[in-house]
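Here you go:
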């Protein structure tokens, strides 16, 4: 895996590609910097954008990760910070039939490295991804998805992929 760093400020269009438009519930959590730019509420839009460029340059599978700050206005009580750190791990270009197993392996690796021995995986509906595989250890500590996914075409991504994000507060 290669560590990457993406911009903290992203364009409104990047959120729209994630289906987060002004009428989407998550849009109320966005910190806007002017009319068309915002502090990133998640790493995924920038990682999608980067993957599109890396596909032309690197051999598959492409394995990247980012650890960086994200910003969201809390909309469901006071349990979350407005600024938090995300770890996102993405692997693109693996065989489609290996995705679920690979996702479970990546989650196990991250949980082991974090010193968390007890957790469970639970499929949950997501406002962005449809269904996600959530990582629960008392509370939700991570969320995973796999593609091809309906959002992928917006980014020019057509290969199978897996990704998992962990919020660190």
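In my numbering, the protein residues as written are 39 to 207. Where is the CB? At the ideal position from N, CA and C, for every residue including glycine. Predicted, not measured: the structure shown is a model, and the values here were computed from it.
Residue 92 versus residue 42: straight-line alpha-carbon distance, rounded = Taking the first residue of the chain shown as 1, we reach residue 92 at position 54. Taking the first residue of the chain shown as 1, we reach residue 42 at position 4. Rounded to whole angstroms, residue 92 to residue 42 spans 11 Å at the Cα level.
message = Rounding to the nearest angstrom, what Cα-Cα distance links residue 169 and residue 73 in this structure?
response = Here residue 169 refers to the residue found at position 131 of the chain shown. Here residue 73 refers to the residue found at position 35 of the chain shown. Taken atom to atom, the span from the alpha-carbon of residue 169 to that of residue 73 is near 31 Å.
inquiry  = What does the alpha-carbon distance come out to for the pair residue 103 and residue 125?
reply    = Taking the first residue of the chain shown as 1, we reach residue 103 at position 65. Taking the first residue of the chain shown as 1, we reach residue 125 at position 87. If you draw a straight line from the Cα of residue 103 to the Cα of residue 125, it is about 7 Å long.
message = I need the boundaries of the beta strand (DSSP E) containing residue 27, first residue and last residue.
response = Only positions 39 to 207 of the chain appear in this structure, which leaves residue 27 out of reach.
query = Where in the segment 126-206 do unbroken runs of the alpha helix (DSSP H), each at least 4 residues long, occur, reported from the N-terminal end onward?
reply = For the segment 126-206, the continuous alpha helix (DSSP H) assignments of 4+ residues that do not extend past its boundaries occur at 137-151 and 190-193, in sequence order.
query = Between 76, 151, 133 and 136, which lies nearest to residue 51 when the distance is taken from Cα to Cα?
reply = For the purposes of this step, residue 51 is identified with residue 13 of the chain shown, where counting begins at 1. Comparing Cα positions, the closest option is 76.
N-terminal and C-terminal residue of the alpha helix (DSSP H) that residue 48 is part of = Residue numbering aside, residue 48 sits at position 10 when the chain shown is read from its first letter. Premise fails: residue 48 lies in the beta strand (DSSP E), 47-49, not in any alpha helix (DSSP H).
ask   = residue 85 to residue 156, Cα distance in whole Å?
value = The residue you call residue 85 lines up with position 47 of the chain shown. The residue you call residue 156 lines up with position 118 of the chain shown. Rounded to the nearest whole angstrom, the C-alpha separation of residue 85 and residue 156 is 29 Å.
inquiry  = On the criterion of 16 or more Cβ atoms from any shown chain inside 10 Å, does residue 95 qualify as buried, or is it exposed?
reply    = For this step, residue 95 is matched to residue 57 along the chain shown. Residue 95 should be labelled exposed.
key: Per-residue burial, residue 151 [other beta carbons within 10 Å of its own, 16 or more giving buried]   = Within the chain shown, residue 151 is the residue found at index 113, counting from 1. With fewer than 16 other beta carbons inside 10 angstroms of its own, residue 151 counts as exposed.
message = If distances are taken between C-alpha atoms only, which option among 99, 171, 172 and 64 comes closest to residue 109?
response = Along the chain shown, one-based indexing puts residue 109 at 71. The closest CA to that of residue 109, considering only 99, 171, 172 and 64, is found on 64.
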